[in-house]
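Enquirer: If you count by my numbering, then the sequence shown holds residues 14 to 778, one letter each, in order.
Every residue, glycine too, gets a C-beta built ideally from N, C-alpha and C.
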Amino acid sequence: MTRYHQYLLLTFFLAAAGQSAKAQTKATPYYPTHAEVLQNYKAADALDSALKKIPLVTGIRPYWQGGGNEFWYGKKIASNQTAYVLVDPEKGTKKTIFESSQLSNEVSKATGKPVKDGGFRIEDMFFSADKKQATFKTGGTWLMCDLGTLQCIKTTDTVHQSYDNEKPLQERHYRWEGVSADSVSPDKQWAAFVKGGNIIVKSLKNSTEIKLTTDGNLDKPYGELTWSPDSKHIVGYRIDPKKTKEVYYLLSSVPGTTRAVLKSHEYDQPGDEFTSYQQYIFNITDKSAIKTDAEKIDFFGAPRLHWRDGDSRYFTYEKADRGHQRFRVIEVDVTTGKTRNIIDEKTNTFIYEQRIFTYYASKTHEIVWITEKDGWRHIYLVDELSGKEKLVTKGDWVVRDIDSVDVKKRQIWFKGSGKNAGEDPYFMHYCRIGFDGKNLVDLTPEKGNHSLSFSPDRKYYIDTYSEVNVAPRIVIKNTADLKTVMELEHADLSALLATGLKLPEVFVAKARDGKTDIWGVVYRPANMDPNKSYPVIENIYAGPQDSFVPKSFSAVNEMQSIAQLGFIVVQMDGMGTANRSKAFHDVCWHNLADAGFADRILWMQALAAKYPQVDISRIGVYGTSAGGQNSAGALLFHPEFYKAAVSACGCHDNRIDKQWWNEQWMGYPVGPHYEQQSNITNAGKLQGDLMLIVGEADNNVPPESTFRFADALIKNNKMFDLLVVPGMGHSDGGPYGRKKKRDFFVKHLLNAEPPARNTDELAHN
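1) Tell me the DSSP secondary structure of Lys300 in three-state form.
2) Which of helix, strand or coil does DSSP assign to Asn713?
3) When you compare only the Cα positions, how much space is there between Ser92 and Gly131?
4) Tell me which residues share the same chain as Asp253 and place their Cβ nearer than 6 Å to its Cβ, disregarding the 5 neighbours each side in the sequence.
5) Counting C-beta neighbours from all protein chains within 10 Å, is the total for Leu398 16 or more, i.e. buried, or is it exposed?
6) Which two residues bound the contiguous beta strand (DSSP E) that contains Ile531?
7) Any idea what DSSP makes of Trp673, helix, strand or coil?
8) Considering just the uninterrupted stretch of the alpha helix (DSSP H) at Tyr749, what are its terminal residues?
9) Work out the CA separation of Gly533 and Val562 for me, nearest whole Å.
10) Under the DSSP definition of a beta bridge, which residues are partnered with Lys89?
11) Pull the bridge partners of Met704 from the DSSP assignment, please.
12) Reducing DSSP to helix, strand and coil, say where Tyr43 ends up.
13) Would you kindly report the start and end of the unbroken alpha helix (DSSP H) that includes Trp616?
14) Thinking Ala725 and Leu705 are a contact (beta carbons under 8 Å), I'd like their distance in whole angstroms, please.
15) To the nearest angstrom, how far is it from the Cα of Asp416 to the Cα of Gly79?
16) Counting pairs of beta carbons, one from the stretch 398-413 and one from the stretch 598-606, are three or more of them closer than 8 Å?
17) Would you identify the three-state DSSP class for Phe340, choosing helix, strand or coil?
18) Report buried or exposed for His246, applying the criterion of at least 16 other Cβ atoms within 10 angstroms of its Cβ.
19) Counting beta carbon pairs with one atom in the stretch 279-286 and one in the stretch 330-346, are three or more of them shorter than 8 Å?
20) Locate the alpha helix (DSSP H) running through Glu119, then write down its first and last residues.
21) For Thr151 versus Ile135, is the C-beta spacing smaller than 8 Å?
22) Do you know offhand how far Gln164's Cα is from Thr239's?
23) Quick one: which unbroken beta strand (DSSP E) runs of 3-plus residues sit fully inside the stretch 195-259? Chain order, please.
24) Helix, strand or coil: which one does DSSP assign to Met572?
25) Is it the case that the Cβ atoms of Asp414 and Val519 are separated by a distance below 8 Å?
26) Check the DSSP bridge columns for Phe520 and list the partner residues they point to.
27) Using a Cβ-Cβ distance cut-off of 8 Å, determine whether Arg74 contacts chain D.
28) Alpha carbon to alpha carbon, how far is Ile110 from Tyr97?
29) Val627 and Val549 - do their beta-carbons sit closer together than 8 Å?
30) Would you check if there are 3 or more beta carbon pairs closer than 8 Å linking the stretch 675-687 to the stretch 612-626?
31) Between the C-alpha atoms of Asn544 and Lys39, what's the straight-line distance to the nearest angstrom?
32) Comparing C-alpha positions only, which one of Thr529, Tyr478, Phe650 and Asp745 sits nearest to Val70?
33) Using the three-state DSSP reduction, which class does Glu397 fall into: helix, strand or coil?
34) Please classify Asp780: does DSSP put it in a helix, a strand, or coil?
35) What does Arg486 pair with, by DSSP beta-bridge criteria?
36) Taking the alpha helix (DSSP H) that Gly153 belongs to, which residues open and close that run?
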């Protein structure tokens, strides 16, 4: 019996148990009349409109003042106005300096442009030393405002020092960015360049030229040159270029034309050949060349080099092999061309290359490295000279990202999740730890999903935290002792709840292994009748690059809006997605069609077993991009459970989609499993009701992916709906597509007629 059959058998027994439990409680299936449908649509629109008008502060962007620790931020207040607040953590003070409505007339007079009540946005602002004047920019114009009289005049920004709070503390470089070519040597004596495919070095003193290679040509040139720190060597590559193939799409409705416009762009697909790079070292003194003993680089271009501090003999570079099953940090001796692997990680599944982090502490010859090699994503400290590795963080939890590395204090500041017992394992927390793995400090011990930003000198940090059904709190803390300086904002939900809105429920059920928790959320109609049962719609995105269930509070949510039409809307992260254990993640390997369906089905069956209002005989599913692939796959591979699907801009065959994403999970070379798991290949299995949505100008997932799927469905005599949106790119269909999606589910899950929009039935009833 295959693993899949075991899952389905377990699903059958749990379904039977769930139906037995449901039989004990009567709930009448909800099938609204047409009048009720119209009422639901109006109520949903009214609720969406009301929610958008409620002034809830769920986050702030601090604008720190240059040379100090003060900052200002804007926050939404009643009547769609903005209040601007100035905070001084040193003094522990916070005050509103003005509201946008107070300056509307002044801004209009100063700029000569009409301004509706409070309808302008401040893009930047600074204050005089005595805080009696504020100078701000709006619409590209600088104004000076007297904070006593609130009178404004035009001015210029002549003394402003700003701090970019969005800029990371430490610059990051990724191996796929490409090498930065150095034309002039560090000692300013030479310039290196490529001419006719060969490397030329020219003296900047007397213009003498030295030809370092003679076998290069335009078909296979040398290039990607980097000088050694002592200016005695050049690292370069013999390049075997491969042209990136193009994909095409038509713009059918360009204004002023009578013919469609053909567009194309370069687009690597799985299995396409890459340009390769053979590494060489060139000696400027004796004009010699050494080919290093490293194999060709045939994946994502020439690498960035890291020279050993104070030593021009050795450099290192990173190499991720195509297929994502091996990652190395390779040391090169420029005098011999010999190489040594300092880090050499191999796996039978995949290394998530886009999440690899490396930081080179050059003075101490150490590398900070993140990997999942012990089964969870953790930080290692590697001795660059010996290759010895030391585990810095450990345990059944995940390091999500590195904020910064403090070499002087020998501390690593990072984000992690899953360490705090008794809470959602996806909640983000910010921590710091010593290089030695000691003195782990959680800067965010409060329960919730946290987001941090620091003052320029890191003396303070602003912590915003909430849960999907718990109001956000925003506090400023002292970094040294972690004490709260003051609370900046704490959202009041009373106006929100007065609308009748039901906050989402966090629901947890066991995965296919019977042990692992699957976390998800449930959205219910505001006017749900507890004596009736409602169809379930799943919002699906099973892309392995991340996790996707919302963890922070949001007043406006499409899932909540859809629920108002008479549905219970759910979302969960099944096995194969990221941010849990390596084993959890590995389920996706060569297996994207799995999409965590075994876990998702069990989760919804557990929900139905607990709540009689959950009708799992009527299950719909929708998704975009990878979620479009997943939603269509639900009807192909699990028609016994899913009955209706809306699939937007789906990657219906992983051979058609982008190379870097699909080879990461499906592997290289392209094997028969690509075809076997294709929605196009399996189109003849379609059961249930399907709507496909695609923008004709999609340059993320080629539109032909959807068209080929439609072609296969037609050839298999399968009925479906197809919406092609002219001129639209990678999208769920936009406002028009979202209306069609809602109408589709109302028709196929509620057996009701959606509003007759062309006669504006909603407005006339």
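Expert: Reading off the structure:
1) Within the sequence shown, residue 300 is the residue found at index 287, counting from 1. Three-state result, Lys300: coil.
2) To locate residue 713, count along the sequence shown from 1; it is residue 700. DSSP places Asn713 in coil when its eight states are reduced to three.
3) Here residue 92 is taken as the residue at index 79 of the sequence shown, counted from 1. Here residue 131 is taken as the residue at index 118 of the sequence shown, counted from 1. When rounded, the distance between both Cα atoms is 9 Å.
4) The count along the sequence shown starts at 1 and reaches residue 253 at position 240. Hits under 6 Å: Lys233 and Ser289.
5) Numbered from 1 along the sequence shown, position 385 holds the residue referred to as residue 398. Leu398 is exposed by the Cβ-count criterion.
6) The residue given as residue 531 occupies position 518 in the sequence shown. Ile531 -> beta strand (DSSP E) spans Asp530 to Tyr536.
7) What you label residue 673 is simply residue 660 of the sequence shown in a count that begins at 1. Trp673: helix per DSSP, three-state reduction.
8) Here residue 749 refers to the residue found at position 736 when the sequence shown is read from its first residue. It spans Gly747 to Leu762 - the alpha helix (DSSP H) in which Tyr749 sits, taken as one unbroken run.
9) To locate residue 562, count along the sequence shown from 1; it is residue 549. To locate residue 533, count along the sequence shown from 1; it is residue 520. Looking at the two C-alpha atoms, the distance is approximately 6 Å.
10) Walking along the sequence shown from the start, residue 89 turns up at place 76. Per DSSP, Thr95.
11) Locating residue 704 in the sequence shown gives position 691, counting from the first residue. Bridge partners of Met704: Val659 and Asp734.
12) If you number the sequence shown from 1, residue 43 lands on position 30. Correct three-state label for Tyr43: coil.
13) Along the sequence shown, one-based indexing puts residue 616 at 603. Unbroken alpha helix (DSSP H) run through Trp616: Phe610 to Lys623.
14) Looking up residue 725 in the sequence shown gives position 712. Looking up residue 705 in the sequence shown gives position 692. About 11 Å; that fails the 8 Å criterion.
15) To locate residue 416, count along the sequence shown from 1; it is residue 403. To locate residue 79, count along the sequence shown from 1; it is residue 66. Rounded to whole angstroms, Asp416 to Gly79 spans 22 Å at the Cα level.
16) no
17) Numbered from its first residue, the sequence shown carries residue 340 at position 327. Note: Phe340 maps to strand in three-state DSSP.
18) Here residue 246 is taken as the residue at index 233 of the sequence shown, counted from 1. Counting Cβ neighbours within 10 Å, His246 comes out buried, since at least 16 surround it.
19) no
20) Along the sequence shown, one-based indexing puts residue 119 at 106. Counting along the chain, the alpha helix (DSSP H) containing Glu119 begins and ends at Ser113 to Thr124.
21) Here residue 151 refers to the residue found at position 138 of the sequence shown. Here residue 135 refers to the residue found at position 122 of the sequence shown. Closer than 8 Å, so yes.
22) Here residue 164 corresponds to residue number 151 of the sequence shown, with the count starting at 1. Here residue 239 corresponds to residue number 226 of the sequence shown, with the count starting at 1. Answer to the nearest angstrom: the Cα atoms are 57 Å apart.
23) 203-208, 211-216, 222-224, 235-240 and 246-253
24) The sequence position of residue 572 within the sequence shown is 559, counting from 1. Of the three classes helix, strand and coil, the one that applies to Met572 here is helix, per DSSP.
25) Along the sequence shown, read from residue 1 onward, the residue named residue 414 stands at position 401. Along the sequence shown, read from residue 1 onward, the residue named residue 519 stands at position 506. No, they are not a contact pair.
26) To locate residue 520, count along the sequence shown from 1; it is residue 507. In DSSP, Phe520 forms a bridge with Gly533.
27) Reference to chain D is not applicable here, since this structure consists of a single protein chain.
28) For the purposes of this step, residue 110 is identified with residue 97 of the sequence shown, where counting begins at 1. For the purposes of this step, residue 97 is identified with residue 84 of the sequence shown, where counting begins at 1. Cα to Cα, the separation comes out at about 6 Å.
29) What you label residue 549 is simply residue 536 of the sequence shown in a count that begins at 1. What you label residue 627 is simply residue 614 of the sequence shown in a count that begins at 1. For Val549 and Val627, yes; Cβs fall inside 8 Å.
30) no
31) Reading the sequence shown from its first residue, position 531 is the one you call residue 544. Reading the sequence shown from its first residue, position 26 is the one you call residue 39. Roughly 7 Å separates the two Cα atoms.
32) What you label residue 70 is simply residue 57 of the sequence shown in a count that begins at 1. Nearest of Thr529, Tyr478, Phe650 and Asp745 to Val70, Cα basis: Tyr478.
33) Position 384 of the sequence shown, counting from 1, holds the residue named residue 397. When secondary structure is reduced to three states using DSSP, Glu397 falls in the coil class, being assigned neither helix nor strand.
34) Since the displayed the chain opens at 14 and closes at 778, residue 780 lies outside it and no answer follows.
35) Against the sequence shown, residue 486 aligns to sequence position 473. DSSP output for Arg486 lists Tyr478 and His503 as bridge partner(s).
36) One-based indexing of the sequence shown puts residue 153 at position 140. In the DSSP assignment, Gly153 falls outside any alpha helix (DSSP H), carrying neither H nor E.
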